[in-house]
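Structure record follows, encoded as structure tokens.
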Amino acid sequence: MVQGTPLGNGVFVPIPTFFKPENEDLDLDSLEKHIKYLSKTGIAGIIFMGSTGEAVHLSDEERITMISKGREFIQKYDPSIKVLAGAGTQSARGTIKLAKDAAQAGAEYVLVLPPAYFRPSMTSDALLAFFTRVADESPIPVVIYNYPGVTQGVDVDVQTIVKLAKHPNIVGIKGTDGNIGKVGYVANRLAPEDNFSLLAGSVDFFLPALSVGAVGCVPGLGNVAPRACVEIQRLFDKGELKQATKLQQQLVEPDDALARWHGNPGVKGGMNLLLGWGGLPRNPLQP
52 MVQGTPLGNG
62 VFVPIPTFFK
72 PENEDLDLDS
82 LEKHIKYLSK
92 TGIAGIIFMG
102 STGEAVHLSD
112 EERITMISKG
122 REFIQKYDPS
132 IKVLAGAGTQ
142 SARGTIKLAK
152 DAAQAGAEYV
162 LVLPPAYFRP
172 SMTSDALLAF
182 FTRVADESPI
192 PVVIYNYPGV
202 TQGVDVDVQT
212 IVKLAKHPNI
222 VGIKGTDGNI
232 GKVGYVANRL
242 APEDNFSLLA
252 GSVDFFLPAL
262 SVGAVGCVPG
272 LGNVAPRACV
282 EIQRLFDKGE
292 LKQATKLQQQ
302 LVEPDDALAR
312 WHGNPGVKGG
322 MNLLLGWGGL
332 PRNPLQP
């Protein structure tokens, strides 16, 4: 069993997968532009093939290409950035395969959603067994990705999270459930030796999450405003809570506009407008 390298703290930006408008092939030129844009901004990591990255629209071969080329560009522009990759699928066996592919392609961590196709069977025991087996066999550390909005409401409960936090190859959780109470509950039950990072799943509740034990964030808004997202944590760490609160308040509406009002197509549309790249989503998503 792997002893996972701690994830640490900071801002981890979930980037889109870029497609050529004429045929939906991977657009690696835009990928390079975006990684160059995010470099030297103070972010801790980049997540490939998360929800923002349209992971469900990619073949296994495309996943490998995105990670390997992405790592190449990160090494070129900012080697301090950690490489995370989505690797969740509906079985432990399939997820382990994706984790091994990701590791071979250059990922340092994998982000794993709970399975949800057989929703009534996804009990706490089933989720504990799933994540335990994945972590036992993954060659790189696992970050749990709890996002009930894309898993038919499957929501990993706090007792299960606390148990999984003790696994040596599970190093954190991205909580896109927006549950601040859950963050505080889990943080209160962690020991330093757990090396388990609690990450807010969106910048609109980053500061409240930090206040009860989170150590980082996975903000969609980070694609266009990475320094502002990083600044919230910097101000919090310095104890400048008045300034941090003001910035947090200012980022709520832009975060909603980019990441929620129009879903993934809105993220890409906003990037097209603000950055000059972003492209289109894959069918069936409409621009």
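Residue 52 is where the sequence shown starts when you use my numbering, and the numbers rise one by one after that.
Even glycine gets a Cβ: it sits at the ideal position worked out from N, Cα and C.
Does the Cβ-Cβ distance between residue i and residue j come in under 8 Å?
{"i": "residue 72", "j": "residue 317", "result": "no"}
{"i": "residue 229", "j": "residue 264", "result": "no"}
{"i": "residue 339", "j": "residue 217", "result": "Since the first residue of the chain shown is 52 and the last is 338, residue 339 is not available in this structure."}
{"i": "residue 278", "j": "residue 93", "result": "yes"}
{"i": "residue 165", "j": "residue 207", "result": "yes"}
{"i": "residue 89", "j": "residue 64", "result": "yes"}
{"i": "residue 156", "j": "residue 125", "result": "no"}
{"i": "residue 272", "j": "residue 324", "result": "no"}
{"i": "residue 298", "j": "residue 225", "result": "no"}
{"i": "residue 296", "j": "residue 258", "result": "yes"}
{"i": "residue 117", "j": "residue 58", "result": "no"}
{"i": "residue 262", "j": "residue 306", "result": "no"}
{"i": "residue 97", "j": "residue 86", "result": "yes"}
{"i": "residue 91", "j": "residue 129", "result": "yes"}
Per DSSP, which residues does residue i bridge with? Please list them.
{"i": "residue 65", "result": "98"}
{"i": "residue 225", "result": "196, 250"}
{"i": "residue 150", "result": "Note: residue 150 sits in no beta bridge, so no partner."}
{"i": "residue 55", "result": "Per DSSP, none; premise fails for residue 55."}
{"i": "residue 280", "result": "Answer by DSSP bridge pairing: none, since residue 280 is not bridged."}
{"i": "residue 267", "result": "61, 250"}
{"i": "residue 70", "result": "77"}
Determine the extent of the alpha helix (DSSP H) in which residue i is found, giving its start and end residues.
{"i": "residue 128", "result": "111 to 128"}
{"i": "residue 232", "result": "231 to 238"}
{"i": "residue 9", "result": "The chain is shown only over 52 to 338; residue 9 falls outside these bounds and no answer can be derived."}
{"i": "residue 321", "result": "314 to 325"}
{"i": "residue 81", "result": "79 to 89"}
{"i": "residue 304", "result": "292 to 310"}
{"i": "residue 172", "result": "No alpha helix (DSSP H) contains residue 172, which DSSP labels as neither H nor E."}
{"i": "residue 167", "result": "No alpha helix (DSSP H) contains residue 167, which DSSP labels as neither H nor E."}
{"i": "residue 260", "result": "257 to 262"}
{"i": "residue 211", "result": "209 to 216"}
Quick one: give me the first and last residue of the beta strand (DSSP E) that residue i is part of.
{"i": "residue 160", "result": "160 to 163"}
{"i": "residue 134", "result": "133 to 137"}
Between the options, which lies nearest to residue i when the distance is taken from Cα to Cα?
{"i": "residue 201", "options": "136, 240, 106", "result": "106"}
{"i": "residue 249", "options": "280, 281, 212, 276", "result": "212"}
{"i": "residue 190", "options": "101, 220, 333, 85", "result": "220"}
{"i": "residue 95", "options": "60, 293, 215, 334", "result": "60"}
{"i": "residue 140", "options": "169, 314, 276, 293", "result": "169"}
{"i": "residue 281", "options": "99, 148, 62, 56", "result": "62"}
{"i": "residue 196", "options": "241, 120, 171, 268", "result": "268"}
{"i": "residue 242", "options": "290, 223, 91, 167", "result": "223"}
{"i": "residue 198", "options": "180, 167, 215", "result": "167"}
{"i": "residue 186", "options": "113, 210, 144", "result": "144"}
{"i": "residue 232", "options": "215, 210, 247", "result": "210"}
{"i": "residue 110", "options": "274, 333, 337", "result": "333"}
Should residue i be listed as close to the ligand NAP, given that the test is whether its C-beta is under 7 Å from any heavy atom?
{"i": "residue 83", "result": "Ligands in the displayed structure: none, and consequently the ligand NAP is not present."}
### Message
Tell me whether the region 172 to 179 and the region 145 to 155 touch, counting them as touching only if at least three CB pairs, one residue from each stretch, are closer than 8 Å.
### Response
Contact between the region 172 to 179 and the region 145 to 155 is absent, because fewer than three Cβ pairs lie under 8 Å.
### Task
Pair every Cβ in the region 320 to 337 with every Cβ in the region 60 to 69, then say whether three or more of these pairs are closer than 8 Å.
Verdict: yes, contact present.
### Task
Flag this pair as touching only if the region 288 to 305 and the region 128 to 136 have three or more C-beta atom pairs under 8 Å; answer yes or no.
With the cut-off at 8 Å, the region 288 to 305 and the region 128 to 136 do not touch.
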